[in-house]
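Peer 1: In the numbering used here, the protein residues as written are 110 to 250. Where is the CB? At the ideal position from N, CA and C, for every residue including glycine. In this text, all values refer to a predicted model and were calculated from it rather than measured experimentally.
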Ligand code: DQA
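Structure below.
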């Protein structure tokens with residue numbers, strides 16, 4: 110299981126706290142690891158601000174992981190390159206957003222990866238990652 114954070118997650122703690130609760134990426138990953146432990150899962154993590162690197166990680170994903178949790182950040186809304194690479198990965202994947210993207214600006218309501226994901230969790234903050242882990246545990250086990 111790999112948790113892939115996309116663009117601007119390295120500065121999560123500096124982003125709008127109204128949407129992202131002021132949590133840093135390290136704090137987010139600590140919380141995800143805790144959820145995973147409860148579910149006897151062992152996630153690995155990655156973050157990049159470079160779309161091509163995200164794409165190449167997806168190309169390699171099947172070598173190291175059996176499932177994916179993806180929060181590509183803004184790329185979610187327009188990166189057909191990530192869509193196509195996720196198709197190549199061929200792994201069960203869940204799309205997660207900390208904020209309720211469907212209730213924000215119109216452009217955030219579009220997701221180009223949703224059709225390839227077995228689920229989407231949004232607007233639940235960190236707890237959304239627990240839901241995503243549980244969903245994958247059920248589907249991958
Ligand atoms: C986000 C929502 C995206 O619209 C935004 O660009 C992000 C974070 C979220 O987790 O709520 O970077 O994916």
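Would you decide whether residue 135 is buried or exposed? Buried here means 16 or more other CB atoms lie within 10 Å of its CB.
Peer 2: Position 26 of the chain shown, counting from 1, holds the residue named residue 135. Classification for residue 135: exposed.
Peer 1: So what's residue 132 in DSSP terms, helix, strand or just coil?
Peer 2: Along the chain shown, read from residue 1 onward, the residue named residue 132 stands at position 23. If DSSP states are grouped into helix, strand and coil, residue 132 belongs with coil.
Peer 1: Which stretch, first to last residue, makes up the beta strand (DSSP E) that contains residue 114?
Peer 2: For the purposes of this step, residue 114 is identified with residue 5 of the chain shown, where counting begins at 1. Element bounds for residue 114: 111-114.
Peer 1: So the candidates are 212, 118 and 233; which of them puts its Cα closest to the Cα of residue 159?
Peer 2: By one-based count along the chain shown, residue 159 stands at place 50. For the residues 212, 118 and 233, the minimum Cα distance to residue 159 belongs to 118.
Peer 1: Measure the CB-CB distance between residue 229 and residue 204 and report whether it falls below 8 Å.
Peer 2: In the chain shown, residue 229 corresponds to position 120, counting from 1. In the chain shown, residue 204 corresponds to position 95, counting from 1. Their beta carbons are under 8 Å apart, which means residue 229 touches residue 204 by this criterion.
Peer 1: Can you give me the C-alpha to C-alpha distance between residue 123 and residue 177, rounded to a whole angstrom?
Peer 2: Residue 123 sits at position 14 when you count from the first residue of the chain shown. Residue 177 sits at position 68 when you count from the first residue of the chain shown. So the alpha carbons of these two residues sit roughly 26 Å apart.
Peer 1: Which of helix, strand or coil does DSSP assign to residue 198?
Peer 2: For this step, residue 198 is matched to residue 89 along the chain shown. Reduced to three states, the DSSP call for residue 198 is helix.
Peer 1: Run the CB neighbour count on residue 168, radius 10 Å, all protein chains shown included, and call it buried at 16 or more, exposed below.
Peer 2: Position 59 of the chain shown, counting from 1, holds the residue named residue 168. When all chains shown are included, residue 168 counts as exposed.
Peer 1: Whose C-beta lies closer than 7 Å to the C-beta of residue 233 among residues of the same chain, with five residues either side of it excluded?
Peer 2: Your numbering for residue 233 matches position 124 in the chain shown. If we look at residue 233 and ignore the five residues flanking it on each side, its Cβ neighbours are 240.
Peer 1: Assuming residue 116 contacts residue 184 under a Cβ cut-off of 8 Å, what Cβ separation, rounded to an integer in Å, is found between them?
Peer 2: Along the chain shown, read from residue 1 onward, the residue named residue 116 stands at position 7. Along the chain shown, read from residue 1 onward, the residue named residue 184 stands at position 75. Rounded, the Cβ-Cβ distance is 6 Å, consistent with contact.
Peer 1: In this structure, how does DSSP classify residue 204 when only helix, strand and coil are distinguished?
Peer 2: Stepping through the chain shown from its first residue, residue 204 is reached at position 95. Three-state DSSP puts residue 204 in a strand.
Peer 1: Residues in the same chain with beta-carbon distance under 6 Å from residue 207, minus the five sequence neighbours each way, listed in chain order, please.
Peer 2: Within the chain shown, residue 207 is the residue found at index 98, counting from 1. These residues qualify, in order along the chain: 129 and 234.
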